[in-house]
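S.K.: Residue numbers (our numbering): 7 to 168. Don't be surprised by glycine CBs; every beta carbon is placed ideally from N, CA and C.
(1) With a cut-off of 8 angstroms, does the C-beta of residue 98 fall near any C-beta of chain D?
(2) So what's residue 51 in DSSP terms, helix, strand or just coil?
(3) Could you name each continuous beta strand (DSSP E) segment of 3 residues or more that falls completely within the region 92-156, going from the start of the chain to the end?
(4) Using the three-state DSSP reduction, which class does residue 38 fall into: helix, strand or coil?
(5) Within a Cβ cutoff of 6 angstroms, which residues of the same chain sit near residue 33, ignoring the five residues on either side of it in sequence?
(6) Closer than 7 angstroms by C-beta to residue 105: which residues in its own chain qualify, once you throw out the five before and the five after it? Chain order, please.
(7) Would the region 42-55 and the region 95-114 be scored as touching if the rule is three or more Cβ pairs under 8 angstroms?
(8) Report, in whole angstroms, the separation of the C-beta atoms of residue 74 and residue 39, which I expect to be a contact under 8 angstroms.
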């Protein structure tokens, strides 16, 4: 009797499985454009605006592409409170204005940072400033973060990401 009851419980609970339904998963991976392969560190706000304009005019947005991602080398310096700022020569209008421009096209803005003290391109990394960086990215209206792993000597990845 005990075994029959246990079997009944197992069979009934299998009907209501706890696995995520396929309907809840993304139907496509995140789709967009990243500045690195074409421009590396030779980026500025005009390059990013043109990429957003081209994504819309080429029909890529209508095909499901939605991210314009600024890779490494957008960084300026940190202020006295540790907040990162954009390179004002490359992005004279500021990241908030650029995010607003990208959003006006119906797209999302992505940005790059690094878990180390420096990015792969030698700019200021987020190590020790993760909180300030997250606040700044949110203030700017950033929708996506690409997080790299350069300049991370003696950093435990499990500790860094938990």
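M.R.: Answer, in terms of the structure:
(1) The chain labelled as chain D is not found in the depicted structure, where only one protein chain is given.
(2) helix
(3) 114-120, 150-154
(4) strand
(5) none
(6) 115, 146, 147, 148
(7) yes
(8) 6 angstroms
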